[in-house]
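Asker:
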Amino acid sequence: MHFRDSKRKVDYVLAYHYRKRPTRHPPGAASPEPTRGPVSLALVSNGRTRKGRAEPQHQDAGQRALQEQPAPPAAEVIELSPLDALEEEKRLQREEFERNLVEAGLEIEKDPENKSQGLSFVRIHAPWQVLSREAELLKIKMPTKKMYEITEEEGILKTLNEIWCKLTEPLQPQVPQENTHMKSLSYPFSREKIYLYNIKDKDTFFDNATRSRIVREILKRTSTKARNSMGIGTLIANNVYDAAYPLHDGEYEGQNDDMNERKLLYREWARYGAFYKFQPIDLIRKYFGEKIGLYFAWLGLYTEFLIPSSLVGIIVFLYGCITIESDIPSKEMCDQRNAFTMCPLCDKFCDYWNLSSACATARASHLFDNPATVFFSIFMALWATMFLEQWKRLQMRLTYFWDLTGLEEEEEHPRPEYETKLLQKKLTNKNMTTKNSNEDEKEKLTWSDRMPGYAANFGLILFMIMLTFSAVFGVIVYRITTAAALSFSTNETTRSNVRVTVTATAVIINLVVILILDEIYGAVAKWLTEIEVPKTEKTFEERLILKAFLLKFVNSYAPIFYVAFFKGRFVGRPGHYVYVFDGYRMEECAPGGCLMELCIQLSIIMLGKQLIQNNLFEIGIPKLKKLFRKLKDERTEPKERDPHQSKDPQQWDLDYALEPFTGLTPEYMEMIIQFGFVTLFVASFPLAPLFALLNNIIEVRLDAKKFVTELRRPDTVRAKDIGIWYNILSGIGKFSVIINAFVIAITSDFIPRLMYQYAYSQNGTMHGFINHTLSYFNVSHLKAGTQPENSLFAQDVLFCRFKDYREPPWSQNQYEFSKQYWAVLSARLAFVILFQNLVMFLSILVDWMIPDIPKDISEQIKKEKSVLVDFFLKEEHEKLKLIESFIAYDKQKHESGTKGERIRAASFSQCNRSPKGSFTSFSSRHTEV
Numbered sequence: 001m002h003f004r005d006s007k008r009k010v011d012y013v014l015a016y017h018y019r020k021r022p023t024r025h026p027p028g029a030a031s032p033e034p035t036r037g038p039v040s041l042a043l044v045s046n047g048r049t050r051k052g053r054a055e056p057q058h059q060d061a062g063q064r065a066l067q068e069q070p071a072p073p074a075a076e077v078i079e080l081s082p083l084d085a086l087e088e089e090k091r092l093q094r095e096e097f098e099r100n101l102v103e104a105g106l107e108i109e110k111d112p113e114n115k116s117q118g119l120s121f122v123r124i125h126a127p128w129q130v131l132s133r134e135a136e137l138l139k140i141k142m143p144t145k146k147m148y149e150i151t152e153e154e155g156i157l158k159t160l161n162e163i164w165c166k167l168t169e170p171l172q173p174q175v176p177q178e179n180t181h182m183k184s185l186s187y188p189f190s191r192e193k194i195y196l197y198n199i200k201d202k203d204t205f206f207d208n209a210t211r212s213r214i215v216r217e218i219l220k221r222t223s224t225k226a227r228n229s230m231g232i233g234t235l236i237a238n239n240v241y242d243a244a245y246p247l248h249d250g251e252y253e254g255q256n257d258d259m260n261e262r263k264l265l266y267r268e269w270a271r272y273g274a275f276y277k278f279q280p281i282d283l284i285r286k287y288f289g290e291k292i293g294l295y296f297a298w299l300g301l302y303t304e305f306l307i308p309s310s311l312v313g314i315i316v317f318l319y320g321c322i323t324i325e326s327d328i329p330s331k332e333m334c335d336q337r338n339a340f341t342m343c344p345l346c347d348k349f350c351d352y353w354n355l356s357s358a359c360a361t362a363r364a365s366h367l368f369d370n371p372a373t374v375f376f377s378i379f380m381a382l383w384a385t386m387f388l389e390q391w392k393r394l395q396m397r398l399t400y401f402w403d404l405t406g407l408e409e410e411e412e413h414p415r416p417e418y419e420t421k422l423l424q425k426k427l428t429n430k431n432m433t434t435k436n437s438n439e440d441e442k443e444k445l446t447w448s449d450r451m452p453g454y455a456a457n458f459g460l461i462l463f464m465i466m467l468t469f470s471a472v473f474g475v476i477v478y479r480i481t482t483a484a485a486l487s488f489s490t491n492e493t494t495r496s497n498v499r500v501t502v503t504a505t506a507v508i509i510n511l512v513v514i515l516i517l518d519e520i521y522g523a524v525a526k527w528l529t530e531i532e533v534p535k536t537e538k539t540f541e542e543r544l545i546l547k548a549f550l551l552k553f554v555n556s557y558a559p560i561f562y563v564a565f566f567k568g569r570f571v572g573r574p575g576h577y578v579y580v581f582d583g584y585r586m587e588e589c590a591p592g593g594c595l596m597e598l599c600i601q602l603s604i605i606m607l608g609k610q611l612i613q614n615n616l617f618e619i620g621i622p623k624l625k626k627l628f629r630k631l632k633d634e635r636t637e638p639k640e641r642d643p644h645q646s647k648d649p650q651q652w653d654l655d656y657a658l659e660p661f662t663g664l665t666p667e668y669m670e671m672i673i674q675f676g677f678v679t680l681f682v683a684s685f686p687l688a689p690l691f692a693l694l695n696n697i698i699e700v701r702l703d704a705k706k707f708v709t710e711l712r713r714p715d716t717v718r719a720k721d722i723g724i725w726y727n728i729l730s731g732i733g734k735f736s737v738i739i740n741a742f743v744i745a746i747t748s749d750f751i752p753r754l755m756y757q758y759a760y761s762q763n764g765t766m767h768g769f770i771n772h773t774l775s776y777f778n779v780s781h782l783k784a785g786t787q788p789e790n791s792l793f794a795q796d797v798l799f800c801r802f803k804d805y806r807e808p809p810w811s812q813n814q815y816e817f818s819k820q821y822w823a824v825l826s827a828r829l830a831f832v833i834l835f836q837n838l839v840m841f842l843s844i845l846v847d848w849m850i851p852d853i854p855k856d857i858s859e860q861i862k863k864e865k866s867v868l869v870d871f872f873l874k875e876e877h878e879k880l881k882l883i884e885s886f887i888a889y890d891k892q893k894h895e896s897g898t899k900g901e902r903i904r905a906a907s908f909s910q911c912n913r914s915p916k917g918s919f920t921s922f923s924s925r926h927t928e929v
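The opening position of the sequence shown corresponds to residue 1 in the numbering used here, with each subsequent residue numbered one higher.
Laid out in structure tokens, this is it:
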């Protein structure tokens, strides 16, 4: 964690691979002593170069690191190969960059390059002068000497809070807790007002996360003349450096007793054994920064909110289980005395069948298709609104306690790709522009420069969406052809289980396709964003999120949308079926409706994505990448012994072996997609919140372990909200209201049952509902060649039944839609409008009733401003009193000195009077404060 002097702290590390140029000798010449190649003399902290020559100890570390290079003989001409020329250019860029870092005030320490090629590290330390200067520029809020009391809640809320704290005491992590009754007054750091801050030790006043953030800012803005590159990002993109990262606070496990923040996080947070404990959010924020702290705070709140929705979902499911025996429509369908002879499910090879054979499907459908699901849909819409409102309140609370109030948007440095594109544009325009043009005007990329990128984005995104629809259509074709093929089977068991076999295999195929396309779409979205050339990292991240979310949303939900709203809608009727590929009928829903199949589809895709993509991929892929990188380094680096290398690996070596942090987008994305599964189709699968809760309990610890043990320490980033993700969550919440309204109205039998009970039933019960929903068809009207062959039915069938509202064959308008069909359709549309407006109104009402800023936090923010003003006035008053006391003391001293001088002057003037009567005058002295 320190330089070799064991005093200066390592605040940042740069890693790079070097390759020395082999020395060539003339034929027959004696081989001189091996040279070290054109690398700089490496500095060690004891003031010696690699050759062992002592350097003055008072010399700056960075200056010692960048001594002049050994010059080759003037007469010697060295021809470089392209690879050596590239290495030489990288070496020169590194030297210039490190020299500029030293000029910026940083201190560096380099490893000696003792091998022909290998890995080397540059360690960076920021002294107090640099830290204080940059903290003032970045307006980092630091605690002052002033502490003020936090006003606690009074009355019943205080009592309830105390009871809750006692009950949850075993669930609290054993980490140092901040004083919840007192808070330090924070103020942006200022060197002029350094007396305001509680500085006990300059080495520990800025914590490790703040120190590394300050160094990162210097690295980002330090430029090099070579290739006109700006900052460390450009150098890493050009492979001048391999990586740049801050160090972890030591090892996370071990027998040594010294406790650091990383080890504490691992013990109390990043282990599966700590799954029942609350998250130490303040410690997470202190170690990883505000942006990552907000992610885990959001994930924790989302997981907590899944507990009540899971309980309600279980109650709704149990209600379906309890009422299954009293459900009249399913009992009528299972009653074999009701001989409903149904029309064949396929042409020629399928026989007539009894509706009672679909008894199991009907009973299972009731578990999810019952009146309680309507209530649950309304509940989940309000749940989503309450979750977002509660998150806004928690976000404001964290903003206050983490001193993020009044955080301004920092001006970001342009991305390396943007700078490269801009440089190319400048070089192109340099020859085209005239001398009269305003060359001093700052150039930037315009929409015309980005037009090819925008056109490629539009075309490829459209192509990807069509690819998703093609995959869904391919699975539909598989279902149709497989169902037809299995219907030809002579095995009775195979024919009886056609629907189950086709549904199960098709869903598995859908899942595999979704997982594969998800990985492809993630890479495509990143590439599409890169060719747009966004200027800053924030803009890049937002555009990447939007593209990736659009593609992954379509990919994840397209098969579910098909089953929910399209399957069975375009089948046709007996004697006039809709065919695809000449002879294959469009698939239709099961006798119990499509809701059961929607439930199966949703559950398998949701559970499969969570188990395979969110857990196995997250655990397995980083380990494979780490193994691959280790094997690659072992293969490329020669097995040469370095006498200066310590046997025990240093912290920068251990951290380099970890995976680089690539951002929070994948973590948020999987949770947002899961949020969609929980809210969008919850009417068809009430157990979705329960499975999401079980997944998230593991997901929190999985992400925690990944951040603590498997990733390099991320740069701390200040943020006061979760950014564009909140807008996506809000959009999904509103969209879920519309989707659930259509699922209840169109996919389920809720509206037909309601209409029958109150409009068509003679006694106001559900008796006769099945017969009401089945239409008649005269089998003599079947097309030639489509009648069942070798029918097992003993009697001749005159009429068969099919599920639809159509006129009977003896009607004048035979097989046309009946009046009941139009009545039910009107009721469905009316329900969608009523449900949507009711839930939207309730959501707006909840939003209005819950204030975005908690009342106590609003009062504390006002109090903090007042305390800050009083503190400044008091400090200024004490400063003025101190100045006045100095002036009064000086004036008193001046008066006493003047009186003595007058006496001496009088006696002196009497003795030394000049002829003209003049005398020597003494000027009085005064001091200015």
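For every residue, glycine included, the Cβ atom is placed at its ideal position computed from N, Cα and C.
Let me know the secondary structure DSSP gives Glu178 once reduced to three states.
Answerer: Numbered from its first residue, the sequence shown carries residue 178 at position 178. Glu178 falls in the coil class under three-state DSSP.
Asker: Looking at C-alpha atoms only, which residue of Leu445, Pro714 and Met596 is the closest neighbour of Lys421?
Answerer: Locating residue 421 in the sequence shown gives position 421, where the first residue counts as 1. Minimum Cα distance to Lys421 is reached at Leu445.
Asker: Sort out for me which residues DSSP pairs Phe777 with in a bridge.
Answerer: For this step, residue 777 is matched to residue 777 along the sequence shown. Looking at the DSSP assignment, Phe777 forms a beta bridge with Cys800.
Asker: Just to confirm the assignment: which complete alpha helix (DSSP H) runs, minimum length 4, are found wholly within the region 662–712?
Answerer: Taking only runs of at least 4 residues, the alpha helix (DSSP H) segments lying wholly in the region 662–712 are 665–680 and 688–705.
Asker: Let's test the definition: count the other Cβ atoms within 10 Å of the Cβ of Phe707 and tell me whether it reaches 16, buried, or not, exposed.
Answerer: Indexing the sequence shown from 1 puts residue 707 at position 707. With 16 or more other Cβ atoms within 10 Å, it is buried.
Asker: Does DSSP put Lys9 in a helix, a strand or coil?
Answerer: Against the sequence shown, residue 9 aligns to sequence position 9. Strand, per DSSP.
Asker: Taking only the alpha-carbon atoms, compute the straight-line gap between Asn740 and Lys862 and give it to the nearest angstrom.
Answerer: Start at 1 with the first residue of the sequence shown, and residue 740 comes out as number 740. Start at 1 with the first residue of the sequence shown, and residue 862 comes out as number 862. In a straight line, the C-alpha of Asn740 is about 43 Å away from that of Lys862.
Asker: Is the beta carbon of Ile292 sitting closer than 9 Å to the one on Phe835?
Answerer: As a position in the sequence shown, residue 292 is number 292, starting the count at 1. As a position in the sequence shown, residue 835 is number 835, starting the count at 1. Cβ distance not < 9 Å, so Ile292 and Phe835 don't count as in contact.
Asker: For Pro56, which residues of its own chain have a beta-carbon under 6 Å away from its beta-carbon, when the five flanking residues on both sides are left out?
Answerer: By 1-based counting over the sequence shown, the position of residue 56 is 56. Because the pLDDT at Pro56 is just 38, under 50, the model does not fix this residue reliably, and the value given afterwards should be weighed accordingly. Nothing listed; no residue qualifies.
Asker: Residues in the same chain with beta-carbon distance under 7 Å from Arg19, minus the five sequence neighbours each way, listed in chain order, please.
Answerer: Numbered from 1 along the sequence shown, position 19 holds the residue referred to as residue 19. Answer for Arg19: Glu87 and Gln117, listed in chain order.
Asker: Compute the Euclidean distance between the alpha carbons of Phe742 and Arg450, then round it to the nearest angstrom.
Answerer: In the sequence shown, residue 742 corresponds to position 742, counting from 1. In the sequence shown, residue 450 corresponds to position 450, counting from 1. Approximately 40 Å, taken between the alpha carbons.
Asker: For the region 220–267, list the alpha helix (DSSP H) runs that are entirely contained and at least 4 residues long, ordered along the chain.
Answerer: Counting only runs of 4 or more, we get 231–237.
Asker: What residue ranges within the region 808–846 form continuous beta strand (DSSP E) runs of no fewer than 3 residues, ordered along the chain?
Answerer: Segments of the beta strand (DSSP E) lying fully in the region 808–846: there are none.
Asker: Considering Cα atoms alone, identify which of Ala704, Gly723, Val737 and Thr468 is closest to Gly676.
Answerer: The residue given as residue 676 occupies position 676 in the sequence shown. When each option's Cα is compared against that of Gly676, the closest is Val737.
Asker: Taking its Cβ as the centre, do 16 or more other Cβ atoms sit within 10 Å of Ser326, making it buried, or is it exposed?
Answerer: Here residue 326 is taken as the residue at index 326 of the sequence shown, counted from 1. The residue is exposed, with fewer than 16 neighbouring Cβ atoms inside 10 Å.
Asker: What's the C-alpha gap between Phe211 and Phe3?
Answerer: The residue you call residue 211 lines up with position 211 of the sequence shown. The residue you call residue 3 lines up with position 3 of the sequence shown. Sequence check: residue 211 is Arg here, not Phe. Their backbone Cα atoms lie some 15 Å apart in a straight line.
Asker: Thinking Pro686 and Thr373 are a contact (beta carbons under 8 Å), I'd like their distance in whole angstroms, please.
Answerer: Translated into the one-based positions of the sequence shown, residue 686 becomes position 686. Translated into the one-based positions of the sequence shown, residue 373 becomes position 373. About 6 Å separates the two Cβ atoms, so the contact holds.
Asker: Assuming Ile150 and Lys183 are in contact, meaning their beta carbons sit under 8 Å apart, how far apart are those beta carbons, in whole angstroms?
Answerer: The residue you call residue 150 lines up with position 150 of the sequence shown. The residue you call residue 183 lines up with position 183 of the sequence shown. With 8 Å as the limit, Ile150 and Lys183 qualify as a contact, their Cβ atoms being about 5 Å apart.
Asker: My output table needs one value for Phe570: the three-state DSSP class, helix, strand or coil.
Answerer: Within the sequence shown, the letter at position 570 stands for residue 570. Three-state result, Phe570: coil.
Asker: With the cut-off set at 9 Å, would you say Ser330 and Cys359 are in Cβ contact?
Answerer: Reading the sequence shown from its first residue, position 330 is the one you call residue 330. Reading the sequence shown from its first residue, position 359 is the one you call residue 359. Yes, the pair counts as a contact, with Cβ atoms nearer than the cut-off.
Asker: Measure the Cβ-Cβ separation of Leu528 and Leu467 and say whether it is below 9 Å.
Answerer: Here residue 528 corresponds to residue number 528 of the sequence shown, with the count starting at 1. Here residue 467 corresponds to residue number 467 of the sequence shown, with the count starting at 1. Not closer than 9 Å, so no.
Asker: Could you tell me the alpha carbon to alpha carbon distance between Ser190 and Ser132, rounded to whole angstroms?
Answerer: Locating residue 190 in the sequence shown gives position 190, where the first residue counts as 1. Locating residue 132 in the sequence shown gives position 132, where the first residue counts as 1. Those two C-alpha atoms are separated by around 8 Å.
Asker: Looking at C-alpha atoms only, which residue of Lys552, Ala237 and Glu816 is the closest neighbour of Ser775?
Answerer: Numbered from its first residue, the sequence shown carries residue 775 at position 775. The residue with the shortest Cα to Cα distance from Ser775 is Glu816.
Asker: Please classify Asp715: is it buried, with 16 or more other beta-carbons within 10 angstroms of its beta-carbon, or exposed?
Answerer: By one-based count along the sequence shown, residue 715 stands at place 715. Answer is buried; the Cβ neighbour count reaches 16.
Asker: Hey, how far is the Cα of Leu101 from the Cα of Ile853?
Answerer: For the purposes of this step, residue 101 is taken as residue 101 along the sequence shown, with counting starting at 1. For the purposes of this step, residue 853 is taken as residue 853 along the sequence shown, with counting starting at 1. Leu101 and Ile853: Cα-Cα distance of roughly 43 Å.
Asker: Quick check: the region 247–255 against the region 137–144, are at least 3 beta-carbon pairs closer than 8 Å?
Answerer: Verdict: no, contact absent.
Asker: Spell out the partners DSSP gives Asn354 in its beta bridges.
Answerer: Taking the sequence shown and counting its residues from 1, the one referred to as residue 354 is at position 354. According to DSSP, Asn354 bridges with Thr341.
Asker: Alpha carbon to alpha carbon, how far is Lys893 from Asn198? Give it in angstroms, no decimals.
Answerer: If you number the sequence shown from 1, residue 198 lands on position 198. If you number the sequence shown from 1, residue 893 lands on position 893. If you take the alpha carbons of Asn198 and Lys893, they lie about 35 Å apart.
Asker: Would you please state the rounded distance, in angstroms, between the beta carbons of Asp11 and Ala126? I believe it to be under 8 Å.
Answerer: Within the sequence shown, numbered from 1, the residue matching residue 11 stands at position 11. Within the sequence shown, numbered from 1, the residue matching residue 126 stands at position 126. The pair is a contact, with the Cβ atoms about 5 Å apart (cut-off 8 Å).
Asker: Three or more C-beta pairs closer than 8 Å, one from the region 274–284 and one from the region 335–342: is that the case here?
Answerer: Too few Cβ pairs lie closer than 8 Å, so no.
Asker: Under 8 Å, with one C-beta from each stretch per pair, do the region 694–706 and the region 362–371 reach the 3-pair mark?
Answerer: The region 694–706 vs the region 362–371: no contact.
Asker: For the alpha helix (DSSP H) containing Ile744, list its first residue and its last residue.
Answerer: On the sequence shown, residue 744 is found 744 positions in, with the first residue counted as 1. No alpha helix (DSSP H) holds Ile744; DSSP gives it neither H nor E.
Asker: Taking only the alpha-carbon atoms, compute the straight-line gap between Asp958 and Leu616 and give it to the nearest angstrom.
Answerer: Here the chain has residues from 1 to 929 only, and residue 958 is not among them.
Asker: Apart from the five residues just before and just after Trp391, which ones in its own chain have a Cβ nearer than 7 Å to its Cβ?
Answerer: Here residue 391 corresponds to residue number 391 of the sequence shown, with the count starting at 1. Trp298 and Leu301.
Asker: Skipping 5 residues on each side, what residues in its chain have a beta carbon closer than 8 Å to that of Val563?
Answerer: Counting from one through the sequence shown, the residue named residue 563 turns up at place 563. Result list for Val563: Cys594, Glu597, Leu598 and Gln601, in chain order.
Asker: Span of the alpha helix (DSSP H) holding Ile545?
Answerer: If you number the sequence shown from 1, residue 545 lands on position 545. Unbroken alpha helix (DSSP H) run through Ile545: Glu537 to Phe561.
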